[in-house]
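Chains as they are written, first to last, in our numbering: chain G, 1 to 341; chain V, 342 to 682. Every residue, glycine too, gets a C-beta built ideally from N, C-alpha and C. All remarks here apply to the structure that follows.
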């Protein structure tokens, strides 16, 4: 993560996605979204698509953050324009108790097959990042039955029955550890944990219900595989207030959303962790010249030296012009050279 | 704001609202939402309703944050379950240039009539808080034409044409100053500025496009009226990272959402500003015993002494049981007594 580099490395959250016409073509061939995730060949194909177009420095496994609850029998499905939904929801302690213990290698074998295949196809060109949703983020979807505006059901569950929530988070944490270690054994060379909804919690709530479990995961993952260190990136959207605590985990890098200045973040935690981020994805919907200017500001703000993986502060959105992504990647590589002398 | 009190004062953002059956009755009598806002008698009635039920320590004017753009001719309307919408949208510099300069006393006279009437009806029982949306927050709705998930149009406008955005924000700032001073002259005894969407900006973006304008407003308001000081509260949702900068404005109090610990906020800025907040509104959807416990935690976290106005971290939601609001208000008054000796 902090090795010497000539230019700042860059990848994009959701880089394999709907902004690419070739993705939309593969997706329509697959039928629904989960069929795309569950086909190792098609998941491999869409993972590689952005790398054919752009000089990204990493691939990220194409999959969904909700594969674990799906494998637990919750029945994940997608309705057009609606985001993820579950056929079953968690509402009581006995719902939590009934959740089965899964084996990632058996029950999520399609993910491991995709990882192996992608790794083989990449053939050493760039590293492959595996990922999972954080236990808290998975729990919110499982309790709500899908996305939510205010997550009141997940929060009521947490506030009303803290023990049941911890039981759920414990079960999910065990599953995430097993899942990510299986991804590492299948070929993932770095891991990112997506805590999309940690930022909706109070400060003590974030530590108790989200960060503690991510810490446990980060410290339970395979540290070295096949002779190489496996770095772990923790990304909590809206987690800017808590960087010191996040750095205090076993994570190697912290993903930043765009609301935190990366230079200030470096002062706060740069001695402990690398930083990943953090351009506002909305900037990709402007123009190459604006993109270049904004990329330059972030690089200048981070300053000289290593320990920065350039990325967006959240996933790229479907409406982005693919040419703007070229401008983004090229700007990072071109402008960053001066900071790596 | 920091006077000696026996118990911590409490009010609730959106305390006149849909969780109250009497509000829903008045609302259905009015017809649509804007008719309710535009009738001084009905706006007065719904402002007073929560005070008849609960021991709140302040009234807040019932109105909408988007009255200014409506008065500028943008055509505000509400579709059921859809939130606010505008008939006209701002997309170019000439759209901005065409926006008329309005006079709050003439063009928003219905608001001033409501303020005077409420003040008269309150008859000194509790102070009346007036309010406005922040210029940035108003601008996002005017550019998007309503609410948004990622505000990409507002952001593209800002990133692509910074001068046009500043022109819009300047015009809105002048209108907000005029509007709030008119509210003060009509009887508002404190002012809150709602910056609902400042937290979607980058750190420098927040300073440049939102906070600077709120500072200008805070320092341009009538400081004393009718022998009494008019305190100003700035509330930026997701502004926890920027409290020191917010405190640096002319504001008397900072509204906190629930993600920031109020005790830590007090250490950071308590010497400069009073603090308002900050219970997660989702807690109101649990039970009286959970509410009481969570109120107690916030009071303990703030600690001894004055300078705290209890509130939620965002508006109350329609689904809350009105009995839970009693539990909330009573818990604040009962538990806080021990911290005011």
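Next item on the list: List the residues of chain G that residue 602(V) touches, going by C-beta distances under 8 Å, in chain order.
Entry: For the purposes of this step, residue 602(V) is taken as residue 261 along the second chain, with counting starting at 1. Near residue 602(V) (Cβ distances below 8 Å), the residues of chain G are 202, 203 and 204.
Margin query: Between which two residues does the alpha helix (DSSP H) holding residue 325(G) run?
Written below: Against the first chain, residue 325(G) aligns to sequence position 325. Its alpha helix (DSSP H) spans residues 322-336.
Check: Can a CB atom of chain G be found closer than 9 Å to the CB of residue 657(V)?
Finding: Within the second chain, the letter at position 316 stands for residue 657(V). No, no contact with chain G.
Next item on the list: Ignoring anything shorter than 3 residues or poking outside the segment 537-609 of chain V, list the beta strand (DSSP E) runs there in chain order.
Entry: 573-577 and 594-596
Note to self: Using C-beta distances below 6 Å, list every residue in its chain close to residue 651(V), excluding the 5 sequence neighbours before and after it, in chain order.
What the structure shows: Translated into positions along the second chain, residue 651(V) becomes position 310. Closer than 6 Å at Cβ, skipping near neighbours: 349, 351 and 673.
Notebook entry, point to check: Which bits of chain V does residue 199(G) rub up against, with CB to CB less than 9 Å?
Noted result: On the first chain, position 199 is the one that residue 199(G) refers to. Ordered by position in chain V, the residues that pass the 9 Å Cβ test against residue 199(G) are 579 and 600.
Item checked: Nearest-angstrom beta carbon gap, residue 192(G) and residue 233(G) [assumed within contact, 8 Å] -> Locating residue 233(G) in the first chain gives position 233, counting from the first residue. Locating residue 192(G) in the first chain gives position 192, counting from the first residue. The pair is a contact, with the Cβ atoms about 4 Å apart (cut-off 8 Å).
Note to self: Which complete beta strand (DSSP E) runs does the segment 457-536 of chain V hold, if anything under 3 residues is left out?
What the structure shows: 469-474 and 531-536
Checklist line | DSSP-derived helix/strand/coil call for residue 15(G) | finding: Position 15 of the first chain, counted from the first residue, corresponds to residue 15(G). DSSP places residue 15(G) in coil when its eight states are reduced to three.
Margin query: Cβ closer than 7 Å: which chain V residues qualify as neighbours of residue 366(G)?
Written below: There is simply no residue 366(G) to check, as chain G begins at 1 and stops at 341 in what is shown.
Next item on the list: Name the two residues that bound the continuous alpha helix (DSSP H) containing residue 633(V).
Entry: The residue given as residue 633(V) occupies position 292 in the second chain. Start and end: 629-643.
Next item on the list: Tell me whether residue 60(G) sits in a helix, a strand or coil according to DSSP, three-state version.
Entry: Here the question's residue 60(G) lines up with position 60 in the first chain. Reduced to three states, the DSSP call for residue 60(G) is strand.
Check: Looking at the structure shown, is residue 422(V) part of a helix, part of a strand, or coil, going by DSSP?
Finding: Position 81 of the second chain, counted from the first residue, corresponds to residue 422(V). The answer is coil: DSSP assigns residue 422(V) none of H, G, I, E or B.
Notebook entry, point to check: Measuring CB to CB, does residue 83(G) end up less than 9 Å from residue 147(G)?
Noted result: Here residue 83(G) refers to the residue found at position 83 of the first chain. Here residue 147(G) refers to the residue found at position 147 of the first chain. Yes, they are a contact pair.
Margin query: Are the CB atoms of residue 257(G) and residue 240(G) within a distance shorter than 9 Å?
Written below: The sequence position of residue 240(G) within the first chain is 240, counting from 1. The sequence position of residue 257(G) within the first chain is 257, counting from 1. Yes; because the gap between Cβ atoms is below 9 Å, this pair is in contact.
Notebook entry, point to check: Taking Cβ positions only, does residue 635(V) come closer than 9 Å to chain G?
Noted result: Along the second chain, read from residue 1 onward, the residue named residue 635(V) stands at position 294. Yes, because at least one Cβ of chain G sits closer than 9 Å to the Cβ of residue 635(V).
Check: According to the Cβ coordinates, are residue 407(V) and residue 471(V) closer than 9 Å?
Finding: In the second chain, counting from the first residue as 1, residue 407(V) sits at position 66. In the second chain, counting from the first residue as 1, residue 471(V) sits at position 130. Contact flag unset, no.
Check: Measuring CB to CB, does residue 197(G) end up less than 9 Å from residue 140(G)?
Finding: Looking up residue 197(G) in the first chain gives position 197. Looking up residue 140(G) in the first chain gives position 140. In contact: residue 197(G) and residue 140(G) (Cβ atoms closer than 9 Å).
Margin query: Three or more C-beta pairs under 8 Å: does that hold for the segment 380-390 of chain V against the segment 446-455 of chain V?
Written below: yes
Margin query: Against chain G, does residue 690(V) count as a neighbour if the rule is that its beta carbon must be under 9 Å from one of theirs?
Written below: Residue coverage of chain V in this structure runs from 342 to 682, which leaves residue 690(V) outside it and unanswerable.
Check: Where do the ends of the alpha helix (DSSP H) carrying residue 617(V) lie?
Finding: Along the second chain, one-based indexing puts residue 617(V) at 276. Unbroken run through residue 617(V) is the beta strand (DSSP E), 615-620; no alpha helix (DSSP H).
Margin query: Here's the rule: buried if 16 or more other CB atoms are within 10 angstroms of the residue's CB, otherwise exposed. What is residue 324(G)?
Written below: The residue labelled residue 324(G) in the question sits at position 324 within the first chain. It counts as buried.
Item checked: Run of the beta strand (DSSP E) containing residue 653(V), from where it starts to where it stops -> In the second chain, the residue the question calls residue 653(V) occupies position 312. Per DSSP, residue 653(V) belongs to the beta strand (DSSP E) from 649-653.
Next item on the list: Could you round the C-beta distance between residue 75(G) and residue 86(G) to whole angstroms and report it? I think they count as a contact, below 8 Å.
Entry: Here residue 75(G) is taken as the residue at index 75 of the first chain, counted from 1. Here residue 86(G) is taken as the residue at index 86 of the first chain, counted from 1. Indeed, because the Cβ distance is near 6 Å, the residues count as touching under 8 Å.
Next item on the list: Could you tell me how far apart the beta carbons of residue 255(G) and residue 303(G) are, in whole angstroms, since I believe they sit closer than 8 Å?
Entry: Here residue 255(G) refers to the residue found at position 255 when the first chain is read from its first residue. Here residue 303(G) refers to the residue found at position 303 when the first chain is read from its first residue. Going by Cβ atoms, the distance from residue 255(G) to residue 303(G) rounds to 19 Å, so no, they are not a contact pair.
Next item on the list: Using only alpha-carbon positions, find the residue among 154(G), 177(G), 187(G) and 77(G) that is nearest to residue 124(G).
Entry: By one-based count along the first chain, residue 124(G) stands at place 124. Of the listed residues, the one whose Cα sits closest to residue 124(G) is 187(G).
Margin query: Give me the residue from 175(G), 268(G), 165(G) and 200(G) with the minimum Cα distance to residue 103(G).
Written below: As a working note, residue 103(G) is residue 103 in the first chain. The shortest Cα separation from residue 103(G) among 175(G), 268(G), 165(G) and 200(G) belongs to 175(G).
Margin query: Would you say the beta carbon of residue 448(V) is closer than 8 Å to some non-hydrogen atom of the ligand GDP?
Written below: Looking for the ligand GDP in the displayed structure turns up nothing, as the structure carries no ligands at all.
Next item on the list: Starting from residue 21(G), follow the alpha helix (DSSP H) in both directions and report where the run begins and ends.
Entry: Taking the first chain and counting its residues from 1, the one referred to as residue 21(G) is at position 21. First-last of the alpha helix (DSSP H) with residue 21(G): 21-30.
Next item on the list: Could you give the DSSP three-state label for residue 389(V): helix, strand or coil?
Entry: Indexing the second chain from 1 puts residue 389(V) at position 48. DSSP places residue 389(V) in helix when its eight states are reduced to three.
Check: Which residues share a DSSP beta bridge with residue 76(G)?
Finding: In the first chain, residue 76(G) corresponds to position 76, counting from 1. DSSP lists 86(G) as partners of residue 76(G).
Check: If you drop the 5 nearest sequence neighbours on each side, which residues of the same chain put their C-beta closer than 6 Å to that of residue 189(G)?
Finding: Sequence index remark: in the first chain, residue 189(G) carries index 189 (1-based). Taken in chain order, the residues that qualify are 127 and 128.
Next item on the list: Confirm, please, whether the CB-CB distance from residue 326(G) to residue 299(G) is below 9 Å.
Entry: As a working note, residue 299(G) is residue 299 in the first chain. As a working note, residue 326(G) is residue 326 in the first chain. For residue 299(G) and residue 326(G), no; Cβs fall outside 9 Å.
Checklist line | Closer than 9 Å to chain V by CB, residue 280(G) | finding: Locating residue 280(G) in the first chain gives position 280, counting from the first residue. So, interface residue.
Next item on the list: Closer than 8 Å by beta-carbon distance: list the chain G residues that pair up with residue 497(V), in chain order.
Entry: The sequence position of residue 497(V) within the second chain is 156, counting from 1. Those within 8 Å of residue 497(V) in chain G are 282, 285 and 286.
Margin query: Counting beta carbon pairs with one atom in the segment 94-101 of chain G and one in the segment 161-172 of chain G, are three or more of them shorter than 8 Å?
Written below: yes
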